[in-house]
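Trainee: In our numbering, the protein residues as written are 6 to 183. Think of the CB as a built atom: it goes at the ideal place given N, C-alpha and C, for glycine as much as any other residue. This is the structure I want to talk about, given as structure tokens.
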Amino acid sequence: MFTAVLPPAELVRDLDALLEPRRDADSRLRWSRPEGWHLTTSFMADVAPDAVEPLGELLAEVAAKVPRFPLRVEGGIAFPNPSRAKVLALGVSDGNGELAELSAGARRAASRSGIEVDGARFVGHLTLARSRGGVQAGRWIGVFDSFPGWSWEAQELCLVESKRLGKHYEVVARYPLG
6 MFTAVLPPAE LVRDLDALLE PRRDADSRLR WSRPEGWHLT TSFMADVAPD
56 AVEPLGELLA EVAAKVPRFP LRVEGGIAFP NPSRAKVLAL GVSDGNGELA
106 ELSAGARRAA SRSGIEVDGA RFVGHLTLAR SRGGVQAGRW IGVFDSFPGW
156 SWEAQELCLV ESKRLGKHYE VVARYPLG
């Protein structure tokens with residue numbers, strides 16, 4: 006399971022149209038499915054069924070403390086670095102502080118619910134593609150930098166279940182911000 010802020014449908018539609026003619030350009034890349042695009046705020050590898058309800062109650066409290074906020078994704082980024090990128094993504098240019106606040110709160114909620122949560126440093130991003138062995142990402146970063154960028158208002162934090170080894174995501178609950 007993970008918590009995330011989901012992008013609006015118009016962003017998904019526009020970005021998908023920009024990526025469509027480029028997806029066959031590098032066979033080493035596995036492109037994320039548009040219907041699964043999200044901005045992860047916390048990742049929990051294993052959540053017991055009886056922990057979901059207490060986690061949800063705490064996530065509702067976390068979300069209620071963070072007002073709605075403007076978000077903007079734009080510009081290419083690569084993890085762990087552009088010379089051997091395993092993840093290609095769009096960066097978050099506006100709203101990163103608020104996303105980090107949601108991330109910290111969601112991680113605390115998971116820990117308080119007895120759930121082990123990933124402790125990696127938070128970097129707001131929207132993953133577009135992955136590579137097992139890593140790729141030289143300079144060209145891709147340039148392509149993503151040429152995209153216009155998208156802005157919207159974050160209105161909710163979602164609890165999402167990953168199914169079929171991450172091939173399908175199902176929103177389990179939505180928690181309004183503010």
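Who pairs with T132 in a beta bridge, going by DSSP?
Mentor: BP columns for T132 point to A94.
Trainee: Please classify V52: does DSSP put it in a helix, a strand, or coil?
Mentor: Coil at V52, not helix or strand.
Trainee: Specify, as a first and last residue, the run of the beta strand (DSSP E) that S116 falls within.
Mentor: It is not in any beta strand (DSSP E) - S116 instead sits in the alpha helix (DSSP H) that spans N101 to R117.
Trainee: Name the two residues that bound the continuous alpha helix (DSSP H) containing K70.
Mentor: Element bounds for K70: V57 to K70.
Trainee: Would a C-beta distance cut-off of 8 Å place R38 and G154 closer than the cut-off?
Mentor: Going by C-beta atoms, R38 is not nearer than 8 Å to G154.
Trainee: By how many angstroms is the C-alpha of T8 removed from the C-alpha of N86?
Mentor: Rounded to the nearest angstrom, the two C-alpha atoms are 25 Å apart.
Trainee: Under the assumption that P75 contacts D99 (Cβ atoms under 8 Å), give the Cβ distance between them as a whole number of angstroms.
Mentor: Contact holds; Cβ gap of about 5 Å.
Trainee: Our contact map puts V67 next to L162 with C-beta atoms below 8 Å; I'd like the distance itself, whole angstroms only.
Mentor: Rounded, the Cβ-Cβ distance is 7 Å, consistent with contact.
Trainee: With respect to the alpha helix (DSSP H) encompassing A14, which residues constitute its N-terminal and C-terminal limits?
Mentor: Here the alpha helix (DSSP H) through A14 covers A14 to L24.
Trainee: Hey, quick one: how far does the alpha helix (DSSP H) through W145 stretch, first residue to last?
Mentor: G143 to D150 is the extent of the alpha helix (DSSP H) around W145.
Trainee: Assign G138 to one of three DSSP states: helix, strand, or coil.
Mentor: The answer is strand: DSSP assigns G138 an E or B state.
Trainee: Are the segment 141-149 and the segment 45-64 touching by the rule of at least three beta carbon pairs closer than 8 Å?
Mentor: No: fewer than three Cβ pairs fall under 8 Å.
Trainee: Compute the Euclidean distance between the alpha carbons of V176 and S151, then round it to the nearest angstrom.
Mentor: In a straight line, the C-alpha of V176 is about 31 Å away from that of S151.
Trainee: For the beta strand (DSSP E) containing V165, list its first residue and its last residue.
Mentor: Unbroken beta strand (DSSP E) run through V165: E161 to K168.
Trainee: With DSSP as the reference, please indicate the residues paired to L76 in a beta bridge.
Mentor: L76 pairs with W157.
Trainee: CB-CB under 7 Å to W42, same chain, minus the five flanking residues each way: which ones, in chain order?
Mentor: These residues qualify, in order along the chain: P12, V17 and L131.
Trainee: For E121, does the three-state DSSP call read helix, strand or coil?
Mentor: Coil at E121, not helix or strand.
Trainee: Determine the burial state of L23: buried for a count of at least 16 other Cβ atoms within 10 Å of its Cβ, exposed for fewer.
Mentor: So L23 ends up on the exposed side.
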